[in-house]
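Peer 1:
2 protein chains.
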Amino acid sequence: MRIGILGTGNVGRALGGAWSAAGHEVVLGSRKPDETAARGGNVPVVSTQAAVASADVVVNATPGTASLDLLTSLGAPALAGKVLLDVAVGFTDDGGLSHPGESLGEELQRAFPDTRVVKSLCTLDRLVMIAPESLEGPSTVFLSGDDPTAKDTVRRLLHDLGWSPDSVLDLGGIATARGQEHFSLLFIPVAQAIGSYRFGLQVVKLSDDVTESYEQAQAAAESAS
Amino acid sequence: MRIGILGTGNVGRALGGAWSAAGHEVVLGSRKPDETAARGGNVPVVSTQAAVASADVVVNATPGTASLDLLTSLGAPALAGKVLLDVAVGFTDDGGLSHPGESLGEELQRAFPDTRVVKSLCTLDRLVMIAPESLEGPSTVFLSGDDPTAKDTVRRLLHDLGWSPDSVLDLGGIATARGQEHFSLLFIPVAQAIGSYRFGLQVVKLSDDVTESYEQAQAAAESAS
């Protein structure tokens, strides 16, 4: 797949390296490619326009507060029909979310209706994104987006990062990006509590054979009702 | 322990039944105890004033949008010195959070500075709250609060619900309640995606022996930087 990653920060470089190693044709898009060329390592750094023009999948790994302006400057026609994998979250200076009432993912989908926006990976540190097997157990990565085929494309890209099909949870439409982005407000205190940004989040379901203890709990809850 | 639970809804009743079964002296506090007496089952329903007066620990299990008004009506002196375990989250009519920029937990701590507010359990369905062993694996419950001894009290109450010490993660001060409450925006789409509100959330740490694959991922990320 031809992947154009917007942003040459830690996240963009980690994803670029991993997808390049998996055999994809990857470029990093920068507003100042001459200045940032060295940051790409094995991955070419080109202009943001060039990164988008050649891409089947555009990845938004720019700061969440700058993403809309950058994409708008490229123009809706340049993005039309493409899959836009949005992994960004915007923060205010005081650590709040820059989209408190909704999400960046929704904002981008609204601004670019002919682009197929998929939100994923934004609940994870960059190294966990590309090495889920480094965790001590299975963990969950989320998908949000209105277009099923675009989500299938992102599933394949997640698989190439090491995420098993079982670990991918499709939350539904792009409105559910809100939950992924707001998780940032829990991510940071968890990271501080455990002393590492490198952790995953596993959705743990009810035991298959709902246990006696659960029946007892249910009975206790009902008896108190 | 003497526990006064404000609210006779599903959550208050489930917690009341479970702590009563564990040997605590529990009452449910209602604004209309005559009308709601039958809802308590084995747990007495009393007025909100009486529930608070007799309690070592007050549990806020009222709707998050009504909590501040209710507690204010009881008066700060009635709550002074007590532990207030806040398990509520406030939602707007359109499914957003009623405290989008911060959290109910912080609001309550600010309104009642002589009360020791601890936020916990609000990331979980009521039956998972009282039966964590019903899940197919270990999961995490969070603590937020400014007073360490109040958090120790809540730890004991969590233990009595079945939460092992390993499963309790202290996030820090009450400001971290924000993360717990905002998780609601992810909780709901996850529940819809898996078809059940009964799930837990496990924080999955990096493997103890950081694996070769992780070293490779780190190397790949660095080589792209």
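So the protein sequences, as listed, match chains A and B.
Residue numbering for the first sequence follows this note's numbering, beginning at 3 and increasing consecutively.
Residue numbering for the second sequence follows this note's numbering, beginning at 3 and increasing consecutively.
Glycine included, C-beta positions come from ideal geometry on N, C-alpha and C.
Just so it is clear, the structure is predicted and the values come from calculations on it, not from any experiment.
Mind checking if Lys121 (chain B) is an interface residue toward chain A, Cβ cutoff 9 Å exclusive?
Peer 2: Not an interface residue.
Peer 1: Determine the closest residue to Val240 (chain B) out of B:Leu8, B:Thr142 and B:Ala195, with distance taken between C-alpha atoms.
Peer 2: Nothing about residue 240 (chain B) can be read from this structure; chain B reaches only from 3 to 227.
Peer 1: Could you list which residues in chain A have their beta carbon closer than 7 Å to that of Gly202 (chain B), in chain order?
Peer 2: Near Gly202 (chain B) (Cβ distances below 7 Å), the residues of chain A are Val206.
Peer 1: From the beta carbon of Val48 (chain A), is the nearest beta carbon of chain B less than 9 Å away?
Peer 2: Output row for Val48 (chain A): interface = no.
Peer 1: Check whether chain B comes within 9 Å of Val60 (chain A), counting only Cβ atoms and requiring the distance to be less than that.
Peer 2: False, the Cβ-Cβ gap to chain B never drops below 9 Å.
Peer 1: I'd like to know if Asp172 (chain B) contacts chain A, where contact means its C-beta is closer than 9 Å to some C-beta of that chain.
Peer 2: So yes, Asp172 (chain B) belongs to the interface.
Peer 1: In angstroms with no decimal places, state the Cα-to-Cα distance between Ser227 (chain B) and Arg15 (chain A).
Peer 2: Caution is warranted here: a pLDDT of 49 is assigned to Ser227 (chain B), below 50, making its placement in the model unreliable, and the coordinate value is therefore given only provisionally. C-alpha separation (whole angstroms): 6 Å.
Peer 1: Which residues in the same chain as Glu27 (chain A) place their Cβ atom closer than 6 Å to its Cβ, once the five residues preceding and following it in sequence are excluded?
Peer 2: For Glu27 (chain A), where only same-chain residues beyond five positions count, the Cβ hits under 6 Å are Arg4.
Peer 1: At 8 Å on the CB atoms, spell out the chain A contacts of His101 (chain B), in chain order.
Peer 2: Under the 8 Å cutoff, chain A gives no residues; its nearest Cβ is about 10 Å from His101 (chain B).
Peer 1: According to the neighbour-count rule (16 or more other Cβ atoms, all chains shown, within 10 Å of its Cβ), is Gly147 (chain A) buried or exposed?
Peer 2: Gly147 (chain A) should be labelled buried.
Peer 1: Candidates B:Ser198, B:Glu135 and B:Asp58: which alpha carbon is nearest Val156 (chain B)'s?
Peer 2: Of the listed residues, the one whose Cα sits closest to Val156 (chain B) is B:Asp58.
Peer 1: Taking buried to mean at least 16 other C-beta atoms within 10 Å of its own C-beta, is Glu109 (chain B) buried or exposed?
Peer 2: Label assigned to Glu109 (chain B): buried.
Peer 1: Taking Ser49 (chain A) and Gly31 (chain A) to be in contact with their CB atoms under 8 Å, please state how far apart those CB atoms are, rounded to whole angstroms.
Peer 2: About 7 Å separates the two Cβ atoms, so the contact holds.
Peer 1: Measuring only between beta-carbons, confirm whether His161 (chain B) sits less than 9 Å from chain A.
Peer 2: Not one chain A Cβ lies under 9 Å of His161 (chain B).
Peer 1: If the cut-off is 8 Å on Cβ atoms, which residues from the region 173-200 of chain B count as contacting chain A, listed in chain order?
Peer 2: Listed by position along the chain: Leu173, Gly174, Thr178, Arg180, Gly181, Gln182, His184, Phe185, Leu187, Leu188, Phe189, Ile190, Pro191, Val192, Gln194, Ala195, Ile196, Ser198 and Arg200.
Peer 1: Can you list, in chain order, the residues of its chain with a C-beta nearer than 7 Å to that of Asp2 (chain B)? Leave out the 5 residues immediately preceding and following it.
Peer 2: No answer is possible for residue 2 (chain B): the residues shown for chain B start at 3 and end at 227.
Peer 1: Do Arg180 (chain A) and Ser105 (chain A) have their CB atoms nearer than 9 Å?
Peer 2: It is a contact, given that the beta carbons lie within the stated cut-off.
Peer 1: Please decide whether Asp168 (chain B) counts as near chain A, where near means a Cβ-Cβ distance under 9 Å.
Peer 2: Output row for Asp168 (chain B): interface = no.
Peer 1: Would you kindly report the start and end of the unbroken alpha helix (DSSP H) that includes Lys153 (chain A)?
Peer 2: Segment Pro150 to Leu163, the alpha helix (DSSP H) holding Lys153 (chain A).
Peer 1: Leu171 (chain A) and Phe144 (chain A) - do their beta-carbons sit closer together than 9 Å?
Peer 2: In this structure, Leu171 (chain A) lies closer than 9 Å to Phe144 (chain A) by Cβ.
Peer 1: Roughly how far, in whole angstroms, is the beta-carbon of Leu203 (chain A) from the beta-carbon of Ser141 (chain A), given that I think they are within contact range, below 8 Å?
Peer 2: Their Cβ separation, rounded to whole angstroms, is 6 Å, which keeps Leu203 (chain A) and Ser141 (chain A) in contact under 8 Å.
Peer 1: When the Cα of Ala82 (chain A) is compared with those of A:Gly18, A:Arg112, A:Gly66 and A:Asp95, which residue comes out closest?
Peer 2: Comparing Cα positions, the closest option is A:Arg112.
Peer 1: Quick one: measure Cβ to Cβ for Ala20 (chain A) and Leu163 (chain A), integer angstroms, because I've assumed they're closer than 8 Å.
Peer 2: Yes, Ala20 (chain A) and Leu163 (chain A) are in contact; Cβ-Cβ is about 6 Å, under 8 Å.
Peer 1: Count the other CB atoms, across all protein chains shown, that sit within 10 Å of the CB of Asp88 (chain A); report buried if there are 16 or more and exposed otherwise.
Peer 2: Flag for Asp88 (chain A) reads buried.
Peer 1: Quick one: measure Cβ to Cβ for Pro115 (chain A) and Ala90 (chain A), integer angstroms, because I've assumed they're closer than 8 Å.
Peer 2: Rounded, the Cβ-Cβ distance is 19 Å, inconsistent with contact.
Peer 1: Please compile the residues from chain B whose C-beta is within a distance smaller than 7 Å of the C-beta of Gly139 (chain A).
Peer 2: Here the neighbours are Val206.
Peer 1: Can you give the Cα-Cα distance for Ala152 (chain A) and Met131 (chain A), rounded to whole angstroms?
Peer 2: Roughly 19 Å between the two C-alpha positions.
Peer 1: Find out if the Cβ-Cβ distance for the pair Ala80 (chain A), Gln51 (chain A) is shorter than 9 Å.
Peer 2: Yes, they are a contact pair.
Peer 1: Against chain A, which members of the region 79-112 of chain B pass a CB distance test of less than 8 Å?
Peer 2: From the region 79-112 of chain B, only Gly98, Pro102 and Gly103 have a Cβ closer than 8 Å to chain A.
Peer 1: Name the DSSP beta bridge partners of Ser49 (chain B), please?
Peer 2: In the DSSP output, where bridge partners are listed per residue, Ser49 (chain B) has B:Ser32.
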